[in-house]
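Asks: This note's numbering numbers the first residue of the sequence shown as 1 and each following residue consecutively. Glycine is no exception: its CB is placed at the ideal position from the N, C-alpha and C atoms. Starting off with a structure, shown below.
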Amino acid sequence: MAYLLHQLLTESARRVPKKEAVRFEGRGLTYQDLDVLTNQVARTLKAAGVRRGDRVGIYLHKSIASVVSLFGILKAGGVYVPLDPNAPVKRLAYMARNCDIKVMLTSTDKLEALPQFFAEGVPLATFVLTDNRELEVSTLPDAVRLISWDDVRGQEGGALPPPGTIETDLAYILYTSGSTGDPKGVMISHRTIFTFINWCHETFCMTEDDRVTSHAPLHFDLSTFDIYVTIKAGGTIIIVPEKLSIFPIRLVRLLQDEGVTVTYLVPSVLSLMVNYGKLDAHNLSTLRTILFAGEVFPIKYLRRLMAAIPHADYYNLYGPTETNVCTYYKVQAKDRDPERTQPVPIGIACENVEVFAVDEGGQLIAEPGHEAELWVRGSCVAQGYWGDPEKTAKTFVRNPFQQNFDEVAYRTGDIVTLDEDGVNWIYVGRRDHMIKSRGYRIELGEIETVLYSHEAIKEAAVVAVPDDLVGNRLRAFIVAPKQDGLTVADLEAYCSQRLPRYMLPESIEFRDQLPKTSSGKIDRPLLARM
């Protein structure tokens, strides 16, 4: 029985050795080949000095090499740390310094960026290259070692001696945005992520026949479903090229041509597919399950998606990086009601997880109509933030409702309420998105829901700009087709009929598109600075 992430690969390689494990741009690796190759990477890393618990960076664009890298690191006993290959080096250097990365897997096209890591004081000693491209003259320090891909492939590929890792050891660290401007490194152990993997495998009935998209970047927690749940099932990972989401027709064509059965995407990408992907012109008959998470899915686009692909099951998954997914909701037929304007609920707790809501007075809420902060307990809760006990103590707290022993619960910062049946949790908004303007408490997501209810609006985002006089001023950013002739005055009138005066945006700006983060979500902090 597997209890470590890399054992999932070993078991599937033993069970279905000739099955294709991963595909990217027409190329693939079988489970047997992936197992052998990751063993060679692990031997290379161990020879380079990687020991159990050492943090190892992955500085690569999404590819087969990135999947090989993370399993190689895990097999060596290391902790993988994915670095966004499109992010500023200064930000990445902070992460590398913060968790003391000395060994990094990268590609030759990233070599020119590496001197900037040293300029920022990162103690890197070894780089393992994952391709065979010809090297330019390197400007790296003399003491730094470059290991070629040929050297990796020259290693023995047989079974490895156990690295001594146990399930409570860290498997990876994912850096998320921090309120102070510095990223926070969320520590995830093997046992923590196994709760999610086992739940997904059973809930979504994953099998060897499944072909699953891998769209999310490695530094985004959605990627853990794509890779580990698929590998556990013995299915095939279909890696989606990084820029494909900005070409929705090509993304839809990939789903068709690869015979994808399960996909897990952020709502922004699914909305683009609905609006511009020409879903009705493609054969998506193999697609049986569509999962979405990461942000609120505007209900009008969810309805259109369900109408275009009526045979699929739809699930709304919810959870911050610190818990991965902790609640879920299977979309029902009643959610197709054309009069509905509110998003679907975030649902009920996943198996082996408990969620509960605590109000400002420290009391549990258990009835509809009350709003409170969602807390999570169980093995799904992360181990805290790397090297930052102060931030860890603020959100990873002692569970005050467990009187018999000390137990850690995670405070999500998300405000929820129960539906009228008292069964499903409904997401209200972020505690830190609950702003005040002119003395009124306002949830920005409520304004966005009204904007999205206008049939001509394709995308919408509302941000708050601090103001000494009124507290915050509201700015709305809109994407709508020019041919519809929609004006600011039209939208002001539309909103005034649906929102109280104090919630009306003071400015509405039209854009050709809204900026996105590397994970595909709308970049609201960037909009607030515009």
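#1: Look up Phe297 in the DSSP assignment and say whether it is helix, strand or coil.
#2: Nearest to Ala281 by alpha carbon, out of Glu258, Ile249, Ala312?
#3: Residue ranges of each beta strand (DSSP E) run of no fewer than 3 residues wholly in the region 399-472, ordered along the chain?
#4: Decide if Met503 is buried, meaning its Cβ has at least 16 other Cβ atoms within 10 Å, or exposed.
#5: Alpha carbon to alpha carbon, how far is Gly164 from Leu279? Give it in angstroms, no decimals.
#6: Under 8 Å, with one C-beta from each stretch per pair, do the region 218-234 and the region 422-432 reach the 3-pair mark?
#7: According to DSSP, which residues form a beta bridge with Ile239?
#8: Which same chain residues end up closer than 6 Å to Glu459 when comparing Cβ atoms and leaving out the 5 residues on each side of it in sequence?
#9: Can the beta-carbon of Lys184 be found closer than 7 Å to that of Thr176?
#10: Here's a check: name, in chain order, each residue in its chain whose Cβ is nearer than 6 Å to the Cβ of Val122, leaving out the five neighbours to either side.
#11: Throw me the rounded Cβ distance for the Arg431 and Gly445 pair, which I believe falls under 8 Å.
#12: Compute the distance between the beta-carbons of Ile188 and Leu8, then report whether it is under 7 Å.
#13: List the DSSP bridge partners of Arg43.
#14: Is Asn198 near the ligand NAD, with its Cβ less than 6 Å from a heavy atom?
#15: Just the C-alpha distance for Arg540 and Ser519, rounded to the nearest angstrom, thanks.
#16: At which residues does the alpha helix (DSSP H) containing Met95 begin and terminate?
#17: Thinking Gly235 and Lys521 are a contact (beta carbons under 8 Å), I'd like their distance in whole angstroms, please.
#18: Are Val89 and Leu105 touching if we call contact CB-CB under 7 Å?
#19: Tell me, which residues are paired with Tyr80 by DSSP?
#20: How about the region 103-117 and the region 28-35: do they share at least three Cβ pairs that are nearer than 8 Å?
#21: Ordered along the chain, which non-local residues of its own chain (more than five positions away) have a Cβ less than 7 Å from that of Val376?
#22: For Phe24, name the three-state secondary structure that DSSP assigns.
#23: Buried or exposed, going by whether 16 or more other CB atoms sit within 10 Å of the CB of Met206?
#24: Quick check on DSSP: helix, strand or coil for Arg288?
#25: What's the gap between the Cα of Asp484 and the Cα of Val296?
#26: If you draw a straight line from the C-alpha of Arg211 to the C-alpha of Val252, how long is it?
#27: Tell me the rounded alpha-carbon separation between Gly362 and Glu373.
#28: In its own chain, which residues sit with a C-beta less than 7 Å from the C-beta of Ile197, not counting the 5 before and 5 after it?
#29: Return helix, strand or coil for Val50, following the three-state DSSP convention.
#30: Within a Cβ cutoff of 6 Å, which residues of the same chain sit near Gly72, ignoring the five residues on either side of it in sequence?
#31: Assuming Ile299 and Gln342 make a contact with CB atoms under 8 Å, what is their CB distance in whole Å?
#32: Roughly how many angstroms lie between the CA atoms of Glu11 and Ala171, to the nearest whole one?
#33: Would the region 337-351 count as touching the region 147-167 if we require 3 or more Cβ pairs under 8 Å?
#34: Considering only their Cβ atoms, is the gap separating Ala312 from Ile346 smaller than 7 Å?
#35: How about Val450 and Leu499: do their beta carbons lie closer than 7 Å?
#36: Let me confirm a value: Ala493 is counted as buried when at least 16 other C-beta atoms fall within 10 Å, else exposed. Which label applies?
Replies: Reading it off the structure:
#1: On the sequence shown, position 297 is the one that residue 297 refers to. Three-state result, Phe297: coil.
#2: The sequence position of residue 281 within the sequence shown is 281, counting from 1. The candidate whose alpha carbon is nearest that of Ala281 is Ile249.
#3: Whole beta strand (DSSP E) segments, 3+ residues: 408-418, 425-430, 434-437, 440-443, 459-467.
#4: Translated into positions along the sequence shown, residue 503 becomes position 503. With 16 or more Cβ atoms within 10 Å of its Cβ, Met503 is classed as buried.
#5: The residue labelled residue 279 in the question sits at position 279 within the sequence shown. The residue labelled residue 164 in the question sits at position 164 within the sequence shown. For the pair Leu279 and Gly164, the Cα-to-Cα distance works out to about 49 Å.
#6: By the criterion of at least three beta-carbon pairs nearer than 8 Å, the region 218-234 is not in contact with the region 422-432.
#7: To locate residue 239, count along the sequence shown from 1; it is residue 239. DSSP, once it has assigned bridges, lists Ser214 as partnering Ile239.
#8: Looking up residue 459 in the sequence shown gives position 459. Closer than 6 Å at Cβ, skipping near neighbours: Val479, Leu514.
#9: Position 184 of the sequence shown, counted from the first residue, corresponds to residue 184. Position 176 of the sequence shown, counted from the first residue, corresponds to residue 176. Yes. Within cutoff.
#10: Within the sequence shown, numbered from 1, the residue matching residue 122 stands at position 122. Once the five neighbours on either side are set aside, the close Cβ partners of Val122 are Ala93, Ala96, Arg97.
#11: Translated into the one-based positions of the sequence shown, residue 431 becomes position 431. Translated into the one-based positions of the sequence shown, residue 445 becomes position 445. At roughly 12 Å, the Cβ-Cβ gap does not stay under 8 Å, so Arg431 and Gly445 are not in contact.
#12: Locating residue 188 in the sequence shown gives position 188, counting from the first residue. Locating residue 8 in the sequence shown gives position 8, counting from the first residue. Cβ distance not < 7 Å, so Ile188 and Leu8 don't count as in contact.
#13: For this step, residue 43 is matched to residue 43 along the sequence shown. BP columns for Arg43 are empty, so no partner.
#14: With respect to the ligand NAD, the structure offers nothing, as it holds no ligand at all.
#15: Given that the chain is displayed from residue 1 to residue 530, the structure contains no residue 540 and the question cannot be resolved.
#16: Taking the first residue of the sequence shown as position 1, residue 95 is located at position 95. It spans 89-98 - the alpha helix (DSSP H) in which Met95 sits, taken as one unbroken run.
#17: Translated into positions along the sequence shown, residue 235 becomes position 235. Translated into positions along the sequence shown, residue 521 becomes position 521. That belief does not hold up - the Cβ atoms of Gly235 and Lys521 are roughly 26 Å apart, past 8 Å.
#18: Taking the first residue of the sequence shown as 1, we reach residue 89 at position 89. Taking the first residue of the sequence shown as 1, we reach residue 105 at position 105. No. Outside cutoff.
#19: Walking along the sequence shown from the start, residue 80 turns up at place 80. DSSP output for Tyr80 lists Val56, Tyr172 as bridge partner(s).
#20: Contact annotation: the region 103-117 does not touch the region 28-35, with fewer than three C-beta pairs closer than 8 Å.
#21: Walking along the sequence shown from the start, residue 376 turns up at place 376. Thr323, Cys326, Val353, Val355, Ala409, Tyr410, Thr412, listed in sequence order.
#22: On the sequence shown, position 24 is the one that residue 24 refers to. It is a strand residue.
#23: For the purposes of this step, residue 206 is identified with residue 206 of the sequence shown, where counting begins at 1. Burial check for Met206: the Cβ neighbour count within 10 Å reaches 16 or more, so the residue is buried.
#24: By one-based count along the sequence shown, residue 288 stands at place 288. In the structure shown, the three-state DSSP call for Arg288 is coil.
#25: As a first step, residue 484 is located in the sequence shown; it is residue number 484 there, counting from the start. As a first step, residue 296 is located in the sequence shown; it is residue number 296 there, counting from the start. Rounded to whole angstroms, Asp484 and Val296 show a C-alpha spacing of 25 Å.
#26: Sequence index remark: in the sequence shown, residue 211 carries index 211 (1-based). Sequence index remark: in the sequence shown, residue 252 carries index 252 (1-based). Arg211 and Val252: Cα-Cα distance of roughly 14 Å.
#27: Here residue 362 is taken as the residue at index 362 of the sequence shown, counted from 1. Here residue 373 is taken as the residue at index 373 of the sequence shown, counted from 1. Spanning the two alpha carbons is a distance of roughly 10 Å.
#28: Working through the sequence shown from its first residue, we reach residue 197 at position 197. Same-chain partners within the cutoff: Tyr228, Val229, Lys232.
#29: Taking the first residue of the sequence shown as 1, we reach residue 50 at position 50. Collapsing the DSSP output to three states places Val50 in coil.
#30: Counting from one through the sequence shown, the residue named residue 72 turns up at place 72. So the list reads Thr38, Val41, Ala42, once near-sequence residues are dropped.
#31: Here residue 299 refers to the residue found at position 299 of the sequence shown. Here residue 342 refers to the residue found at position 342 of the sequence shown. Rounded to the nearest angstrom, the Cβ distance from Ile299 to Gln342 is 7 Å, consistent with a contact under 8 Å.
#32: If you number the sequence shown from 1, residue 11 lands on position 11. If you number the sequence shown from 1, residue 171 lands on position 171. Distance between the alpha carbons of Glu11 and Ala171: 18 Å.
#33: Under the three-pair Cβ rule at 8 Å, the region 337-351 does not count as touching the region 147-167.
#34: As a working note, residue 346 is residue 346 in the sequence shown. As a working note, residue 312 is residue 312 in the sequence shown. No, they are not a contact pair.
#35: On the sequence shown, residue 450 is found 450 positions in, with the first residue counted as 1. On the sequence shown, residue 499 is found 499 positions in, with the first residue counted as 1. The Cβ atoms of Val450 and Leu499 lie closer than 7 Å to each other.
#36: Looking up residue 493 in the sequence shown gives position 493. Burial check for Ala493: the Cβ neighbour count within 10 Å stays below 16, so the residue is exposed.
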